[in-house]
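Q:
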Amino acid sequence: MSQKNQTLGEFIIENQSAFKYTSGELSRLINSIRLAAKVVNHEVNKAGLVDIIGTAGDTNIQGEDQQKLDVYANNKFIQTMTKRNIVCGIASEEEDDFISINSQDENHQNKYIVLIDPLDGSSNIDVNVSVGTIFSIYRRVTPVGTPVTIDDFLQKGNQQVAAGYIIYGTSTMIVYTTGDGVNGFTLNPAIGTFYLSHPDMQFPEDGKIYSVNEGNYIHFPQGIKNYIKYCQMEEGDRPYTSRYIGSLVSDFHRNMIKGGIYMYPKSSKASNGKLRLLYECNPMAFLAEQANGKASDGFNRIMDIEPTELHQRVPFICGSKNMVEKAEEFMRNA
Ligand code: AHG
Ligand code: MN
Ligand code: MN
């Protein structure tokens, strides 16, 4: 049971026993993500000071090369999880191939692999707009004690054991699920502690916000064009409001709280859209479903798609259940 003023640390310990494969390993993993999130948050908050303290490519006062924030975030998350020796493999948007951890060590007993988008919405950094981190966690399918293989990473989204995001916004939050609902924790930066601020988050079944990069309208499939026109039509509770930040994490977060739909469809320029199945769409889909929402590629459930490549892209429609179902109806009938 959640209690008032509960910290993320307390919540993790309290909920460990409710988790079906409990061994403490998943708790340690989420703890390490919490730690890396605080470090990355600190760096993201300094982004506006680049002219004063140096930009990517410069050398800082310690003689270290300054890194772009997505590279920095990538390194921090990987280092934190690797040094604590709690995962057997990591795949990241910023790495061409997956990373196998301690693959030489026969005593290596770690079960979990992590897929991560270390900095999502990174083009928003320069303009002081919210960015995020997205993560997805699976149990490995190959035997413990052996090096991980690509099969450990190419699992369907419906096999995820946990997923979540960090949003570096007007406040910094961690929102995650281990398959038992979605909970959100807000950082008190003064003391570096996350508190349970949004217990049991739920997408409203209906919403009035649609989020899509309408600049690509001309290239969208007819079903999406028709659905956008439907959103704009004067009828019942429509027209809806259009809101598009261009940070999936931020657009998703707002839509989950207020009710809405996010779409990154395929287009005549990009046959599978832009977003990555394994570390953007699947974790968001898991969160959406755990929060009574829905995630689809227009025709199929995102989490049932069989992955074939680490960095594969997929069209993505996600949000309030009735809105996603309506968009699917337009896709079917186009
Ligand atoms: P990333 O910064 O990790 O590359 O992801 C950006 C993604 C997503 O966050 C966002 O919704 C989308 O790209 C925006 O794309 P467009 O600029 O094409 O709309
Ligand atoms: Mn991204
Ligand atoms: Mn990214």
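Residue numbers (our numbering): 1080 to 1413. Idealized CB from N, CA, C, for every residue including glycine.
Have a look at the DSSP bridge pairing and note the partners of LYS1155.
A: Answer by DSSP bridge pairing: none, since LYS1155 is not bridged.
Q: Kindly confirm or deny that the stretch 1323 to 1336 and the stretch 1199 to 1213 touch, where touching means at least three C-beta pairs closer than 8 Å.
A: The stretch 1323 to 1336 vs the stretch 1199 to 1213: in contact.
Q: Can you determine whether any heavy atom of ligand 1 sits closer than 7 Å to the C-beta of ASP1330, and answer yes or no?
A: Yes, Cβ of ASP1330 sits closer than 7 Å to a heavy atom of ligand 1.
Q: Can you list, in chain order, the residues of its chain with a C-beta nearer than 6 Å to that of ALA1241? Leave out the 5 residues immediately preceding and following it.
A: Once the five neighbours on either side are set aside, the close Cβ partners of ALA1241 are ILE1216 and THR1257.
Q: Let me make sure I understand the geometry here. Which of GLN1281, HIS1332 and ASN1153 has the alpha-carbon closest to that of GLY1372?
A: Nearest C-alpha to GLY1372: GLN1281.
Q: What did DSSP end up calling SER1201 once you bin it into helix, strand or coil?
A: Of the three classes helix, strand and coil, the one that applies to SER1201 here is helix, per DSSP.
Q: Using the three-state DSSP reduction, which class does GLU1314 fall into: helix, strand or coil?
A: Three-state DSSP puts GLU1314 in a strand.
Q: To the nearest angstrom, how far is the alpha carbon of SER1290 from that of ILE1340?
A: So the two alpha carbons sit approximately 6 Å from each other.
Q: Per DSSP, VAL1210 is paired with what?
A: DSSP lists TYR1247 as partners of VAL1210.
Q: Would you please state the rounded distance, in angstroms, between the beta carbons of GLY1286 and MET1402? I believe it to be under 8 Å.
A: Correct: roughly 6 Å between the Cβ atoms.
Q: Quick check for students: name the residue ranges of the alpha helix (DSSP H) that lie wholly in the stretch 1381 to 1410, counting only runs of 4 or more.
A: Correct list: empty.
Q: Tell whether a beta-carbon distance below 8 Å holds between GLN1095 and GLY1103.
A: Yes, the pair counts as a contact, with Cβ atoms nearer than the cut-off.
Q: Using CA atoms only, rank isn't needed, just tell me which of ILE1246, ILE1165 and ILE1229 is closest to SER1209.
A: When each option's Cα is compared against that of SER1209, the closest is ILE1246.
Q: If you measure from each residue's Cβ to the nearest non-hydrogen atom of ligand 2, which ones come out under 6 Å, in chain order?
A: That query returns the following residues: ASP1196, ASP1199, LEU1327 and GLU1359.
Q: Tell me, please, whether the stretch 1304 to 1313 touches the stretch 1153 to 1165 by the rule of three or more beta-carbon pairs shorter than 8 Å.
A: No, the stretch 1304 to 1313 is not in contact with the stretch 1153 to 1165.
Q: Given a cut-off of 8 Å, decide if GLY1236 and ASN1361 are closer than it, judged by their beta-carbon atoms.
A: Yes, these two residues count as a Cβ contact at 8 Å.
Q: Does the distance from the C-beta atom of TYR1244 to that of THR1212 stay below 8 Å?
A: Cβ distance < 8 Å, so TYR1244 and THR1212 count as in contact.
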